[in-house]
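Undergrad:
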Amino acid sequence: MLKAICFDMDGVLYDSMPRHAEAWAKASDDFGLGMTLHDVYMHEGRTGFSTVDIFTRRNWGRPTTHEEVDRIYARKCEYFNALPEAKPMPGARCLLEQIRRDGFQIVLVTGSAQHSLLARLNRNYPNIFRSDLMVTGFDVTYGKPDPEPYLMAMRKACVKPEETMVVENAPLGVRSGVAAGAYTVACNTGPLPDQVLRDEGAAIILPSLQALSDYWPQLRDELA
Ligand code: CA
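In my numbering, each number is its position in the sequence shown, counted from 1, plus 147.
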């Protein structure tokens, strides 16, 4: 019996991944980290620390340090913030409004750590998100692909894994949702093939949030 639906943010609620990819690739060039655009999409959802650490190990042969991560992540954020603000994902608002009308809890689960998050969500998605039903980069220790963020979301919403659906766009996000025991839907809004999402255990894969919005009434009835 479905009770709560958890939404990832970047690449699901906002069409922000091309900007994140560009910003990571530029910061990587500055520091010689060797990250490609493809790498950014494959590692989407990790914390900043975990992302940098993978590439220092791969290309510099050693783990990173907190000082290094602070410098590199600050540079990435500089590049990201210089780009125009990402637009809400087409179809997302219509989907969220249907889900709210149907009486399900809606939980935001993002690795992003921004203090202005709720204000922006309320501007783009009025009366959908609540501050007590959000898991952000400030809350987690491990982050995706660990199940931690989605398990934390279930605790906040007081629901069990079998009562939870997760909406994700990235392979590691799908892995996190599946590991937490949720019914995990992948919306493939990026450049990776569907197969990488299937390999992580996505229950279904749709090409867009609009497609999920159109399919929602049928999916809701199936999961009930
Ligand atoms: Ca994402």
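The C-beta atom is built at its ideal place from N, Cα and C for all residues, glycine as well.
(1) Please determine, among Arg-209, Met-164, Tyr-220 and Met-148, the residue with the shortest C-alpha to C-alpha distance to Ser-175.
(2) By alpha-carbon positions, which one of Arg-193, Tyr-226, Cys-224 and Leu-180 ends up nearest to Arg-205?
(3) Give the straight-line distance between the Cα atoms of Val-325 and Glu-244, rounded to the nearest whole angstrom.
(4) Kindly indicate which residue of Leu-149, Cys-153, Gly-238 and Leu-366 has the alpha-carbon position closest to the one of Thr-257.
(5) At the level of alpha carbons, what is the spacing between Met-299 and Lys-307?
(6) For Phe-178 and Gly-158, what's the separation of their Cα atoms in angstroms?
(7) Distance, Cα to Cα, Leu-268 vs Leu-255?
(8) Is the CB-CB distance between Leu-356 and Ala-239 below 8 Å?
(9) Give the list of continuous alpha helix (DSSP H) stretches no shorter than 4 residues that lie fully inside the region 259-310.
TA: Well, looking at it:
(1) The residue with the shortest Cα to Cα distance from Ser-175 is Tyr-220.
(2) It is Leu-180 whose Cα lies nearest to the Cα of Arg-205.
(3) So the alpha carbons of these two residues sit roughly 25 Å apart.
(4) It is Cys-153 whose Cα lies nearest to the Cα of Thr-257.
(5) Straight-line measurement puts the Cα of Lys-307 at about 11 Å from the Cα of Met-299.
(6) Roughly 26 Å between the two C-alpha positions.
(7) Spanning the two alpha carbons is a distance of roughly 10 Å.
(8) Yes, Cβ-Cβ distance for Leu-356 and Ala-239 is below 8 Å.
(9) Counting whole runs of 4 or more residues, the region 259-310 contains the alpha helix (DSSP H) stretches 264-271 and 295-304.
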